[in-house]
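Encoded as structure tokens, the structure appears first; notes follow it.
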Amino acid sequence: MDFSIAALLTQDGITNGAIYALLALALVLVFAVTRVIWVPSGEFVAYGTLTLAGLQLGKPPGTVSLVAGMAIVAGAMEVYDCVRRGEARRIPRQLLLWTGVPLGIAALVWWVAPMGPGLAVQVLLTLAAVTALGPLLYRVAYQPLAEASVLVLLIVSVAVHFSMTGLGLWFFGAEGSRTPAFVSASFSLGSVNVNVQSLLVVGTSVVVIAALYVFFGRTLYGKALRATAVNRIGARLVGISPSFAGALTFTLAAFLCAFCGVLIGPITTIYYDSGFLVSLKGFVGAIIGGLVSYPLAAAGALLVGLLESFSSFWASAFKEVIVFTLIIPVLLWRSLATHHHEEDE
Amino acid sequence: MLVAALALLPVLAPQFWITLGNYIGLYSIVTLGLVLLTGVAGQTSFGQAAFVGLGAYATAWLTTRYGASPWLALVAGLALTSLVALALGFITLRMKGHYLPLATIAWGISLYFLFGNLEFLGGHTGMTGIPSLTLFGLELRDERRYFYLIWAIALAALWATDNLLDSRPGRAIRALKGGLDMAEAFGVDGARLKIVAFVYAALLACVSGWLYAHLQRFVNPTPFGINQGIEYLFMAVVGGAGSVWGAVLGATLITLLKEMLQDVLPRVLGRSGNFEMVVFGVLIVLLLQFAREGLWPWLARVLPRRTPPPVPDAPPLAARPHAATTGPLLQLKAARKQFGGLVAVNDLSFELATGEILGLIGPNGAGKSTTFSLISGALTLSGGDILFRGESIGSKLPYEIARRGIGRTFQHVKLLPQMSVLDNVALGAYLRGTAGIVRAALRLDRADEARTRAEAARALARVGLAAHTFEPAGSLALGQQRIVEIARALAADPSLLLLDEPAAGLRYQEKQALAALLRSLRQDGMTILLVEHDMDFVMGLTDRLVVMDFGEKLAEGKPADVRRDPVVLEAYLGGV
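Chains as they are written, first to last, in the working numbering: chain A, 1287 to 1631; chain B, 2 to 577.
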């Protein structure tokens, strides 16, 4: 291996690592606030890529019908809850929020898609449609079980993962898609060829992470989510509704995953079932952060990206083995480094 | 009835149902392990399919390449599985938290890719030509015959696991989820038991894999991937992970559901797609929303309840050694605990003689509970030392301290609310029993178990709660639960009894009864250290008092003297 290959692999690794870092952040966020190990995050990534690919063909993707369908179910559940609690006057507001808004987004995508809008508009529509799925999914699948054990929530996650993969095959077909690069330019830096697309991916990831940092540090909603993550009951006592925190978390996380999908589209061919492995790599990053620390999770994800890119050069057949076995030494290190007793739930 | 149905099925049912029955049996064996590991011990594993793969590949490789006997290959597979499970368990299970699920995900995925990429294991195409099993000269080539073998093993595993749960180690395993600190205070080595549960589950999975390999006589990596590992968890959770029958129910239900969906949906929807996955996912979510504990508890409510057998009268368990010591029983020598800059216990020294009741009192935040935790090993010393019978216990873990003859109660009651009062108290006698995992699983522990139960019943009678023996501990009033805690500590037959605010939340009469009980224990030679808030309660009961304030010893002496001590009055009443 000479320097230019190493530089190329590093560049690849950092690009993928940046995407895994976003995913790892989403996973840590969801776990911290709702205790859900969010297995279907990968499907949100795949839906992001494939929705964008569908829009580029000028046809409204199946994501739209899923948003519409779930909006109706979520609305029905809200109405049922309001009636049962005797709060009928809240029905119009809840219906507007849970059914009206997502249906509006679905209709917009449906209407604009055949007009052949520019790439920027396509990206925005993709982000809107896939992000809308997040809170809807929380409302329909997770909120009724919000107090259940981590294990039950995990099983729900896996069940959702199965359903979304199956729907993905139906919506997008078995063929993979790769979206065209946002920019195809590249320039030389000494002997190294730097891809502008890679720079764009890393740059936007950094911007999004910075934005999250500001959101959690400076805004009331961000602080409310942090409070919920630290102490669910305490947050509830000071007036932060757990279902609101959950829905907000899933909105953010879905946005992060959709964003990953848009970024990864030009780099790798994404199939309807590619999401699982992608999210598992984000997961490895999150684990390195112990599912609690954001900076450690991001660093771990970068490490995963680099490791993946270098091991695909040396031993491509064992690429996945190497990446996933990495967890064991990391866990061993954490096992030896931590001595404090944390109480199980 | 179940056995009869299983015996008749291969004779009567068409081939299709035999095949399904075989798979349900194989899955039940794996899921049983998960019931013990995940449902009971509270440790989630995604790696069970990989252990199944280990069993299957071990026998495939040994029998096809080296012509080894399948039975020998089973032993080799079990040995290999134990090694891997021990290593994984040792890394992850010594820590609390969510490390096992994460490690098993990694392990499951890695092993799958390893199977697929290793040439000598046939890569992704797999290995063929695995011989069929021969039992007593009878070749089990026919699926109908194989059915009996699978279900004989499945039922044996069911029987063994059910036995195990209803035994001395079983009670300790049941305490791992939600009661680890409590179990360790009675001598249970929690980390070791978790590893034992993990190895047990892995071995069951390995047996299932061995059976699978000789049933299919072909293996490839697909059925051992992470997806299948997740599916085993599905079976456990859907069936009801808290009960052995939940495993069989879950395995049956998931297998039939998938089969039905694969069969019915293409006909209804008129085109093939992955709709069975979609519907399967939706059904699981719905099912959990309606029955989050799984289906078995829901079904068990309808079924007639078995009334618990009366506690047999049995000879007492061997008493723990109460070696007489010449010096004091317990000695604190400048014991110190710092949390960052805060000194919670500041070089505290006092002694406790055999046979006395010592009260440790002081205002809120004086460091009484911290001192208590230092003695019981729940917190580690920052400095100084604590001696019990002259031996340093300052750096020992709670379960090691318990083994030396110190019993305790908890300030915040720690009972297992679902378990009966009797079982909770019997857990206290953990160190006095001898039954291990194997004896318990094979039901060779009944004599030991009868004595343990009789001992627990006697402890309950002594504290006056015999009427509540079979009620779930969580259904008792808080005051009664505190008394159950004392009964549990008594069942351990300790030399020193540590009581953390035993009178808190008790009514006047209950306090009187408690004081009488403690006096009678003293008459029997028990030494008691009491952390208490309630001055009236301690004044009449204790032989000596140690008064603490701001982490330091303020006064020490007879209750009547301490009561007149101006320093103590100042601390309590702010100067009079």
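Note that CB positions come from ideal geometry on N, CA and C, so glycine has one too.
According to the neighbour-count rule (16 or more other Cβ atoms, all chains shown, within 10 Å of its Cβ), is residue i buried or exposed?
i	result
residue 1626 of chain A	Low confidence applies to residue 1626 of chain A: its pLDDT is 45, below 50, so where it sits in the model is not reliable, and the reading given next is rough at best. By the 10 Å Cβ count, residue 1626 of chain A comes out exposed.
residue 299 of chain B	exposed
residue 489 of chain B	buried
residue 215 of chain B	buried
residue 222 of chain B	buried
residue 452 of chain B	buried
residue 1489 of chain A	exposed
residue 44 of chain B	buried
residue 1506 of chain A	exposed
residue 302 of chain B	exposed
residue 320 of chain B	exposed
Determine, for residue i, whether the minimum Cβ-Cβ distance to residues of chain B falls below 8 angstroms.
i	result
residue 1397 of chain A	no
residue 1614 of chain A	yes
residue 1315 of chain A	no
residue 1438 of chain A	yes
residue 1519 of chain A	no
residue 1573 of chain A	yes
residue 1566 of chain A	yes
residue 1354 of chain A	no
residue 1434 of chain A	yes
Taking 8 angstroms as the CB-CB cut-off, is residue i touching chain A?
i	result
residue 293 of chain B	yes
residue 402 of chain B	no
residue 28 of chain B	no
residue 351 of chain B	no
residue 114 of chain B	yes
residue 82 of chain B	no
residue 100 of chain B	yes
residue 214 of chain B	no
residue 238 of chain B	yes
residue 104 of chain B	yes
residue 39 of chain B	yes
residue 45 of chain B	yes
List, in chain order, every chain A residue whose beta-carbon is nearer than 7 angstroms to that of residue i.
i	result
residue 290 of chain B	1430 and 1431
residue 286 of chain B	1427, 1442, 1445 and 1446
Check the Cβ of residue i against every Cβ in chain B and list those closer than 7 angstroms, keeping chain order.
i	result
residue 1618 of chain A	92
residue 1611 of chain A	107 and 111
How would you list, in chain order, the residues of chain B whose beta-carbon sits under 9 angstroms from the beta-carbon of residue i?
i	result
residue 1451 of chain A	275, 278, 279 and 282
residue 1336 of chain A	Those within 9 angstroms of residue 1336 of chain A in chain B number zero; the least Cβ separation is about 15 angstroms.
Output, in chain order, the set of chain A residues within a Cβ distance shorter than 8 angstroms of residue i.
i	result
residue 233 of chain B	Per Cβ cutoff of 8 angstroms: no residues; residue 233 of chain B is ~11 angstroms from chain A at best.
residue 58 of chain B	By Cβ distance, chain A contributes nothing, its closest Cβ being about 15 angstroms from residue 58 of chain B, past 8 angstroms.
residue 223 of chain B	The contacting residues do not exist; residue 223 of chain B stays about 14 angstroms from chain A at best.
Give the C-beta separation of residue i and residue j to the nearest angstrom, bearing in mind that I take them to be a contact with Cβ-Cβ under 8 angstroms.
i	j	result
residue 474 of chain B	residue 420 of chain B	6 angstroms
residue 145 of chain B	residue 19 of chain B	6 angstroms
residue 1538 of chain A	residue 1308 of chain A	Actually they are not in contact, since the Cβ atoms of residue 1538 of chain A and residue 1308 of chain A sit about 11 angstroms apart, beyond 8 angstroms.
residue 57 of chain B	residue 233 of chain B	Wrong, their Cβ atoms sit about 14 angstroms apart, outside the cutoff.
residue 422 of chain B	residue 464 of chain B	Residue 422 of chain B to residue 464 of chain B, Cβ: 11 angstroms. No contact.
residue 375 of chain B	residue 387 of chain B	7 angstroms
Can you list the residues of chain D that residue i reaches, using a CB-CB cut of under 8 angstroms?
i	result
residue 118 of chain B	The chain labelled as chain D is not found among the protein chains of the depicted structure, namely A and B.
In chain B, which residues lie with their C-beta within 8 angstroms of the C-beta of residue i?
i	result
residue 1456 of chain A	274, 275, 276 and 279
residue 1539 of chain A	Those within 8 angstroms of residue 1539 of chain A in chain B number zero; the least Cβ separation is about 18 angstroms.
What does a CB cutoff of less than 6 angstroms around residue i pick up in its chain, not counting 5 residues either side in sequence?
i	result
residue 1298 of chain A	1595
residue 1328 of chain A	1561, 1562, 1564 and 1565
residue 335 of chain B	348, 350 and 385
residue 161 of chain B	442
What does a CB cutoff of less than 8 angstroms around residue i pick up in its chain, not counting 5 residues either side in sequence?
i	result
residue 172 of chain B	420, 424, 427, 428 and 431
residue 73 of chain B	63
residue 1551 of chain A	1334, 1335, 1338, 1339, 1463, 1464 and 1465
residue 353 of chain B	329, 330, 331, 332, 359, 497, 528 and 530
residue 1439 of chain A	1320, 1321, 1322, 1323, 1428 and 1431
At a CB-CB cut-off below 9 angstroms, which residues of chain A make contact with residue i?
i	result
residue 478 of chain B	Residues of chain A passing the Cβ test: none, with the nearest at roughly 24 angstroms.
Take residue i and list the residues in its own chain whose beta-carbon comes closer than 7 angstroms to its own, dropping the five residues that flank it on each side.
i	result
residue 262 of chain B	277, 280 and 281
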